[in-house]
Amino acid sequence: MRVSVGAKMTAAFGLVLILLGGVLLSGLSGLNRVVGIFEGQVVRNANNVRLSQEVATHVMTSSFSLAVFLSTGEPSFRSRFDAADQAAVQALESLRSHSVSQTALNLIDRVQTLQAEYVRGAGALFDLRSRMDEAEYLEYVAGLDATRSQLLQAVDELIAY
Numbered sequence: 000m001r002v003s004v005g006a007k008m009t010a011a012f013g014l015v016l017i018l019l020g021g022v023l024l025s026g027l028s029g030l031n032r033v034v035g036i037f038e039g040q041v042v043r044n045a046n047n048v049r050l051s052q053e054v055a056t057h058v059m060t061s062s063f064s065l066a067v068f069l070s071t072g073e074p075s076f077r078s079r080f081d082a083a084d085q086a087a088v089q090a091l092e093s094l095r096s097h098s099v100s101q102t103a104l105n106l107i108d109r110v111q112t113l114q115a116e117y118v119r120g121a122g123a124l125f126d127l128r129s130r131m132d133e134a135e136y137l138e139y140v141a142g143l144d145a146t147r148s149q150l151l152q153a154v155d156e157l158i159a160y
């Protein structure tokens, strides 16, 4: 049985279409995987940026609460300071659980260390302010302000990362 040239060309064209369909399916599958990975990264990065900014907000709130307490002596600002500290700690822990790079984890560690140091210093200032003389108070506040500056710089680096 002889196959006509038209049938051979139709069969060859059909084979080419089947091969192109396979290539198309393979390409679409790969593209879907890339899009899925990309969207996962974007969502994680957006969440990490939000958490980093949340940490910055809580650090600024605690700093403001301490400043108002020192200016007015109003004890309610101690509880606001403590609440802001707890919120910052929770945001940092959440950020740690969502972070995958070692650089991010190192920045989080640095912020946590400086935050703990700042909270310890502020706690002492809340407790001892009334018993300090002016020179002692100014020296202590200057040291605490240096820690606060380092903390804010570390938070800025975390946001930028």
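Numbering-wise, numbering that gives the first Met the number 0 puts 45 at position 46 of the sequence shown, and it's gapless, one number per residue.
All C-beta atoms in this analysis are idealised placements derived from N, C-alpha and C, irrespective of residue type, glycine included.
Contact check, residue i vs residue j, beta carbons under 8 Å
i, j, result
"L106", "Y160", "yes"
"Y117", "R128", "no"
"V140", "V54", "no"
"A83", "T112", "no"
"S96", "L104", "no"
"A87", "Q114", "yes"
"R176", "S62", "Any question about residue 176 goes unanswered here, given that the chain covers just 0 to 160."
"G120", "L143", "yes"
"V110", "L91", "yes"
Alpha-carbon to alpha-carbon, residue j and residue i
i, j, result
"V168", "H57", "This structure cannot speak to residue 168, because the chain is shown only from 0 to 160."
"G26", "I17", "14 Å"
"K7", "G20", "20 Å"
"V15", "L24", "14 Å"
"R32", "E38", "10 Å"
"Q89", "Q52", "13 Å"
Candidates the options: closest to residue i by CA position
i, options, result
"F80", "G122, G13, M131", "G122"
"L150", "D108, L124, E138, D126", "D108"
"A100", "S78, Q40, Q52, R119", "The question names Ala, but residue 100 in the sequence shown is Ser. Of the listed residues, the one whose Cα sits closest to S100 is Q40."
Range of the contiguous alpha helix (DSSP H) that encloses residue i
i, result
"E73", "Run containing E73: none; DSSP gives neither H nor E here."
"S100", "No alpha helix (DSSP H) holds S100; DSSP gives it neither H nor E."
"D155", "133–159"
Pairs of beta-carbons, one from the stretch 40–51 and one from the stretch 64–80, closer than 8 Å: are there three or more? no
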